[in-house]
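When we follow the working numbering, the leftmost residue of the sequence shown carries the number 823, and every step to the right adds one. A short write-up of the structure that comes next.
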Amino acid sequence: MHRLISSMSPAEKRYYKLHIARYGQEHGNQELLFNAIADMERYDEGALIDRFQGEPFIRHFAITKRRLYEAILHSLEAFHAESSVDARVHRHLHQVEILHQRALYADARKVLQSARRLALQHERQPVLGAVREWERRLMECRNYNGIDETGIDAIAAEDDSARRSQSEVDRLWSIKSKLFLRIYHQGAARESESTAHIQELLSEPLLQDGATLLSARARFLHHHIRAAAAFALGMNHECRTQLIANAALLERERAAFKDEPNLILGVISNLAYVTAQCGHYEAAFALLKRFRSLPSQWGMPENDDLDLKLFATTTSLELSMHLRLGEAAKAVELIPLVERGLRDHAQRLGPVRRAILQYECAYALYCSGQLEKSLRWINELLNATRHDDLSDVSCFTRLMHLLLLYDSGKHELLAYALRNTERFMKLHGRKHRFELRFLRLIAQLTQARGADDARAKLTAFRDDALALLDDPMERGVLDYMDPVAWAESRLTGLPFADCIRERAKRMGRAA
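In structure tokens form, the structure reads like this:
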């Protein structure tokens, strides 16, 4: 209840009160309870019961709450009756049902034609099935007047085409979900088993070059899957090609995706990120600027969901791009914005997105030389991380913790943290080459026999890291840290951010 009320905009709350104003005493009680819950920062049922002690509705509080919840949903349903294509089509279908019950078949048919046009215009295959079902019922009511066998064959052909179109979408959705399930739980493919699994998913005929697909939705999923798979395989240029294709598709067939602004937001934000990974930094910042203008260009309604999306995506994107360029000061300037956003969106920000933002803030502080502040962010993130979390951000948080302990001279804590991290990696089968090489370096540095020995170990690590990062399966490390720049910083005495900046310039020239 509290979550629902807290999610309502001021306009929705005003509409709810107007919606119930026409009713009697019971709805007056609902308004009292609605206002009391709306004023709560955190839901406290005991406080509500104490406040309304003696009121008749408190004796059946569970029933009162359920009725209030239903009343709010009815109000929101009415408020948003025209807010989406699906809502409008379903409203038309409800009107068709009402007219049909009154035997007003000709009128029902006219409304049904409007529903069909709307569903076809926006490629709403699921609701088109409901439209076709009503068309059949109305034909039966008219004893098939005005239709012949050719017309029935045409309907059957349309049904078959719709089934094939939906079958494509269903098949592609299944492949996409299997792919993202692996990515969300295991990160990018960094071993042969994951690579083989992704390649097997990509062998689907619907994902091949030149595949003829029947709907805009299927074409979107085609490019979406190929982009995500390429990203997971470290093929950033191929990923960028597929994202560019999807951005063009969404602009070209905007009507089919009218009610899904998150799609264009996701594509452009991912495109900006991958463009930066490819070393095209000016183009990446131009895409970030384009991302910020999308809500007005696409007429997106202002709501909490959009606010959350804009905060989480733009902030994380800008942080990651500044960090890749070694612009630590610019990244640190964004930290107050992150802190405010984490507070404002605490209840709705997913754990992975929250962890990434926290990690980026810690890394920004580390790059700027503020080790103690960085360590506080990392410790907070470690405390909130589940022991079975195998995501990339979880694993690199542990590595960053070791780096901070080493660089800040906390060697008495480092040995214990190193053993814990090694145990975690072994227990969960995390055997990627970079992580193993990094852990070996930390162990070697703690046992180094003087500065020359440590320097030799760092030089060997830098050379190994350069070779590793040429492998697409290991290149995802750069999403979280630049180990080569770190080693060069330790070897040359130059600030870490300066070494990142120099490497970014070289990568930009190469791109």
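C-beta atoms are modelled at their ideal positions from N, C-alpha and C, and glycine is treated no differently.
Check whether Leu-1291 and Arg-1255 have beta carbons under 8 angstroms apart: no
Pair within 8 angstroms by beta-carbon distance, Ala-984 and Leu-960: no
Among Ala-937, Asp-866 and Asn-967, the one whose alpha carbon lies nearest that of Glu-955: Ala-937
Close beta carbons around Pro-1317, own chain, < 6 angstroms, minus the five adjacent residues each side: none
Any 3 or more C-beta pairs closer than 8 angstroms across the segment 1121-1134 and the segment 1150-1167: yes
Residue from Ile-1200, Thr-1135 and Met-1143 whose Cα sits closest to the Cα of Gly-1172: Thr-1135
Which of helix, strand or coil DSSP assigns to Ile-969: coil
Pro-878 versus Leu-1204, Arg-910 and Leu-855, residue with shortest Cα-Cα distance: Leu-855
Integer Cβ distance of Pro-1294 from Gly-1056, believed to fall under 8 angstroms: 3 angstroms
Supposed close pair Leu-1043, Val-991 - CB separation, criterion 8 angstroms: 7 angstroms
Residues near Val-907 in its chain [Cβ-Cβ closer than 7 angstroms; skip 5 each side]: Leu-940, His-944, Arg-946, Lys-1080 and Asp-1081
Beta-carbon gap between Ala-1186 and Leu-1225 smaller than 8 angstroms: no
Reference Ile-1138, options Ala-900, Arg-1175 and Glu-1104, closest by Cα: Inspection of the sequence shows that residue 1138 is occupied by Ser rather than by Ile. With distances taken between Cα atoms, Ser-1138 lies closest to Arg-1175.
Nearest candidate by alpha-carbon position, reference Tyr-1302, set Glu-1194, Cys-1189, Glu-834 and Leu-1249: Cys-1189
Residue burial classification, Lys-1279 (beta-carbon count within 10 angstroms, cutoff 16): buried
Status (buried if at least 16 other CB within 10 Å, exposed otherwise) for Pro-1083: buried
Residue interval of the alpha helix (DSSP H) (run including Gly-1088): 1083-1099
Member of Arg-1220, Leu-1227 and Arg-825 whose CA lies at the smallest distance from the CA of Met-1247: Arg-1220
Bounding residues of the alpha helix (DSSP H) (the contiguous stretch that carries Val-949): 947-963
Asp-1304, buried or exposed, once every other Cβ within 10 Å from all chains shown has been counted against 16: buried
The alpha helix (DSSP H) enclosing Leu-1261, as first and last residue numbers: 1255-1268
Burial state of Tyr-838 (16 or more Cβ within 10 Å): buried
Beta-carbon proximity list for Lys-887, same chain, < 8 angstroms, skipping 5 on both sides: Met-823 and Leu-855
CA-to-CA distance, Ala-1287 to Arg-1241, given in whole angstroms: 22 angstroms
Distance, Ile-1090 Cα to Arg-1112 Cα: 8 angstroms
Beta-carbon proximity check, Ser-1216 vs Ala-1276, cutoff 8 angstroms: no
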